[in-house]
Amino acid sequence: MKKYTRVSLKLITFGLWRISAGLAERVNLDSINCATESIITRDVAVIGGGSSGTYAAIRLRDIGQSVVVVERNDRLGGHTHTYTDPVTKGKIDIGVEIWQDWDIVRNFFSRFKISLTKNEFAPSAVQYVDYRTGQLVSQYSPGNATDALTAYATQLAKYPYLEFGFDLPNPVPTDLLLPFGDFVEKYALDDTVPTIFKYAQGLGNILHQPTLYVMKNFGLVDLKSIQEGFLTTAKHDNSEIYERALAELGDNALLNTSIVATKRSITGYSSITVTTPCGRREIRAKKILLAIPPKLDNLDGFDLDATEKSLFQQFGNSAYYTGVLRYTGINDNTTVQNIGINTTYHLPVLPGIYSISPSVIPGLLNVKYGSPTALADVQVQSDIIASVQRLPNRTISVESPEFAIFASHTPFELTVSSSAIESGFYKRLYAMQGKRSTYYTGAAFHTQDSSLLWRFTEQLLPLIVEK
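Mature numbering (1 follows the signal peptide of the UniProt record, and there is no 0) puts the sequence shown at residues -24 to -1, 1 to 443.
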């Protein structure tokens, strides 16, 4: 599920776009993803076909396990969303845009014969505007964050385990529990804030978040990759890997499918009743891998026990939205970044736009929007259009700004309170692995980063397949 857009260190002041997660481009493969069996018996049922779920399903097949994937949307890929312009046929990734340059990433793409390349970000002119009023903040400068990021890296080095999940020590280090604004003040890291905010899009108000979550979203691996470069697909079509995974899974990927009921077994087979476009089906599986956000309103039909309910109900979440705009009146080579005129560190007030930036297709611009809480899509779209219309120095066209495509990545970051973290929330959460024949992966168990989530999932596979 992560990464978001990141840039080289010399471009860091132009903005680090959080590779928001997105969705895979829809492929019309209905003829092969409609299981004909009334009872589907598999070794593992994977619930959720996003980045983690798709990776797990393919890897489980590779090691000899039979799988079925249950996905409520009409495509695989989760937050990986690619827009295809009907005029130029060019593609714009508005969800996951880059990956860490790791063997696990290269191997997964190589398996599907998809070429990768180092990602390059072309610099653009930057305007700083307070989107609330449309006022140009001409005197603003994000400054040079290099020295401050070095100091931040020194703090990150104290917690190497954060790169592998939430396996926190007991007691949890006090600094990880501090609101990030207090942590910044304690270690004089003020100059890092604009950069981290631009990178950690989707976290809501980062100054209020426990430092734990900010560090996990912007950690040592990210600082290293900023210097050494990230990977993206050579075709600039990040959804292709999920299209190919869907083609391989065939009728083992149940799209547009919802769970009606579950009856999990400690031994033997668990039962999952689902509704598919072809009617109701029963899945019988030895193991279940849950790869969806574990919020109570996302788990209808699950036979949750008291422990699961007590843990999952503690999750709150932020919201993140991405899209492609046309008719903005903004120059194709200009990024318009949201800045708060009279706010702490000049951070923009959320809900609001993070930035509007060039795409690879003239006349189409990327937009990123965040909120501390979930909003209706129509409310977000309306706010974005109104914000664009307030911008200064905009070339007014006959047409009003409109969306070529829009995607909600909500719920985005799942978080709990500092007091819950301190009292051992993640110890209890991780202790659920394997209970009632159920295993868990996804961003709630690590962070919004596809590369890190694939590594986390890979380490989980031996537990799932052990006899």
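By construction, the Cβ of each residue, glycine as well, lies at the ideal position given by its N, Cα and C atoms. For clarity, every value in this text was computed on a predicted model and none was experimentally measured.
Where P334 sits in the DSSP three-state scheme: As a first step, residue 334 must be located in the sequence shown, where it is residue number 358. Collapsing the DSSP output to three states places P334 in a strand.
I306 vs R370 beta-carbon contact at 8 Å: Here residue 306 corresponds to residue number 330 of the sequence shown, with the count starting at 1. Here residue 370 corresponds to residue number 394 of the sequence shown, with the count starting at 1. The beta carbons of I306 and R370 sit closer together than 8 Å.
Bridge partners - W75, DSSP secondary structure assignment: By one-based count along the sequence shown, residue 75 stands at place 99. The secondary-structure analysis by DSSP pairs W75 across a beta bridge with L207.
Enclosing alpha helix (DSSP H) for residue 452 [first to last residue]: Any question about residue 452 goes unanswered here, given that the chain covers just -24 to 443.
Top-ranked residue by Cα proximity to P334, from L152, T310 and I182: Counting from one through the sequence shown, the residue named residue 334 turns up at place 358. The shortest C-alpha separation from P334 is found at T310.
L439 beta carbon less than 8 Å from that of G418: For the purposes of this step, residue 418 is taken as residue 442 along the sequence shown, with counting starting at 1. For the purposes of this step, residue 439 is taken as residue 463 along the sequence shown, with counting starting at 1. Their beta carbons are not under 8 Å apart, which means G418 does not touch L439 by this criterion.
Between the CA atoms of G339 and Y116 - distance to the nearest angstrom: For the purposes of this step, residue 116 is identified with residue 140 of the sequence shown, where counting begins at 1. For the purposes of this step, residue 339 is identified with residue 363 of the sequence shown, where counting begins at 1. Linking Y116 to G339 through their CA atoms gives a straight-line distance of about 27 Å.
S358 versus V325 - alpha carbon distance: Within the sequence shown, the letter at position 382 stands for residue 358. Within the sequence shown, the letter at position 349 stands for residue 325. Answer to the nearest angstrom: the Cα atoms are 17 Å apart.
Exposure of N228, with buried meaning 16 or more beta-carbon neighbours within 10 Å: Here the question's residue 228 lines up with position 252 in the sequence shown. N228 counts as buried, since at least 16 other C-beta atoms from the protein chains shown sit within 10 angstroms of its C-beta.
Nearest residue (CA-CA) to A21, options V250, G180 and G157: The count along the sequence shown starts at 1 and reaches residue 21 at position 45. Its Cα nearest to that of A21, the residue V250 stands out among V250, G180 and G157.
Inter-stretch contact at 8 Å, needing at least 3 Cβ pairs: the region 53 to 65 / the region 207 to 222: Contact holds: three or more Cβ-Cβ distances are below 8 Å.
Continuous alpha helix (DSSP H) assignments of at least 4 residues falling wholly in the region 3 to 69: Listed in chain order, they are 27 to 38.
Own chain, CB closer than 8 Å to S373, minus 5 neighbours either side, in chain order: Counting from one through the sequence shown, the residue named residue 373 turns up at place 397. Cβ within range, chain order: Y303 and G305.
For F140, the nearest candidate out of L154, Q365, I39 and K192 (CA to CA): Here residue 140 refers to the residue found at position 164 when the sequence shown is read from its first residue. Out of L154, Q365, I39 and K192, K192 has the C-alpha closest to the C-alpha of F140.
Reduced DSSP category for F88 - H, G, I as helix; E, B as strand; rest coil: Residue numbering aside, residue 88 sits at position 112 when the sequence shown is read from its first letter. Coil.
Separation of F159 from A129, as counted between CA atoms: Here residue 129 refers to the residue found at position 153 of the sequence shown. Here residue 159 refers to the residue found at position 183 of the sequence shown. Their backbone Cα atoms lie some 13 Å apart in a straight line.
Where T371 falls: helix, strand or coil (DSSP): Along the sequence shown, one-based indexing puts residue 371 at 395. Of the three classes helix, strand and coil, the one that applies to T371 here is coil, per DSSP.
C-alpha distance - D279 paired with G24, whole-angstrom precision: Position 303 of the sequence shown, counted from the start, is the residue given in the question as residue 279. Position 48 of the sequence shown, counted from the start, is the residue given in the question as residue 24. Note on geometry: alpha-carbon atoms of D279 and G24 lie some 17 Å from one another.
Exposure label - G299; buried when at least 16 CB within 10 Å: Residue 299 sits at position 323 when you count from the first residue of the sequence shown. In the assembly as shown, G299 is a buried residue. Its beta-carbon has 16 or more other beta-carbons within 10 Å.
DSSP three-state assignment for G157, whether helix, strand or coil: The count along the sequence shown starts at 1 and reaches residue 157 at position 181. Here G157 sits in helix by DSSP.
Cβ-based neighbour list, V392, same chain, cut-off 8 Å, excluding 5 preceding and 5 following: Sequence index remark: in the sequence shown, residue 392 carries index 416 (1-based). Within the same chain, V392 has close Cβ partners Q290, F291, G292 and F401.
Coarse secondary structure for A261, derived from DSSP in three states: Taking the sequence shown and counting its residues from 1, one reaches residue 261 at position 285. Shown here, A261 sits in a strand according to DSSP, grouped into three states.
Proximity below 8 Å, CB of Q185 to CB of K344: As a first step, residue 185 must be located in the sequence shown, where it is residue number 209. As a first step, residue 344 must be located in the sequence shown, where it is residue number 368. Going by beta carbons, Q185 and K344 fall outside the 8 Å limit.
Reference I182; option with closest CA among S347, E47 and G26: To locate residue 182, count along the sequence shown from 1; it is residue 206. Checking every option, the nearest Cα to that of I182 belongs to S347.
Contact between the region 377 to 393 and the region 57 to 72 (3+ Cβ pairs under 8 Å): At 8 Å Cβ cutoff, the stretches touch.
Where T126 falls: helix, strand or coil (DSSP): Numbered from 1 along the sequence shown, position 150 holds the residue referred to as residue 126. Annotated three-state conformation of T126 is helix, per DSSP.
Rounded separation between V364 and E378 - CA only: Here residue 364 refers to the residue found at position 388 when the sequence shown is read from its first residue. Here residue 378 refers to the residue found at position 402 when the sequence shown is read from its first residue. Straight-line Cα distance between these residues: approximately 10 Å.
Beta-carbon gap between I242 and T64 smaller than 8 Å: Residue 242 sits at position 266 when you count from the first residue of the sequence shown. Residue 64 sits at position 88 when you count from the first residue of the sequence shown. The Cβ atoms of I242 and T64 do not sit closer than 8 Å to each other.
Buried or exposed (CB count within 10 angstroms, at least 16 for buried), K174: As a first step, residue 174 is located in the sequence shown; it is residue number 198 there, counting from the start. Burial state of K174 is buried, judged by a 10 Å Cβ sphere holding 16 or more other Cβ atoms.
CB contact flag (L230, T209, <8 Å): Taking the first residue of the sequence shown as 1, we reach residue 230 at position 254. Taking the first residue of the sequence shown as 1, we reach residue 209 at position 233. The Cβ-Cβ distance between L230 and T209 does not fall below 8 Å.
Cβ-Cβ distance between W78 and F206 below 8 Å: As a working note, residue 78 is residue 102 in the sequence shown. As a working note, residue 206 is residue 230 in the sequence shown. No, these two residues do not count as a Cβ contact at 8 Å.
Reference T423; option with closest CA among M408, E398, E442 and F388: Here residue 423 refers to the residue found at position 447 of the sequence shown. Residue F388 is the option with its Cα nearest to T423.
P145 in three-state terms, based on DSSP: Along the sequence shown, one-based indexing puts residue 145 at 169. Coil, per DSSP.
Cβ-based burial, N314 [other Cβ within 10 Å; buried from 16]: Taking the first residue of the sequence shown as position 1, residue 314 is located at position 338. Buried is the call here.
Per DSSP, the bridge partner or partners of S347: For this step, residue 347 is matched to residue 371 along the sequence shown. In the DSSP output, where bridge partners are listed per residue, S347 has A295.
Neighbourhood of N274 by C-beta distance below 8 Å, restricted to the same chain and skipping five residues each side: Position 298 of the sequence shown, counted from the start, is the residue given in the question as residue 274. Excluding residues within five positions, the ones whose Cβ falls inside 8 Å are I268 and P387.
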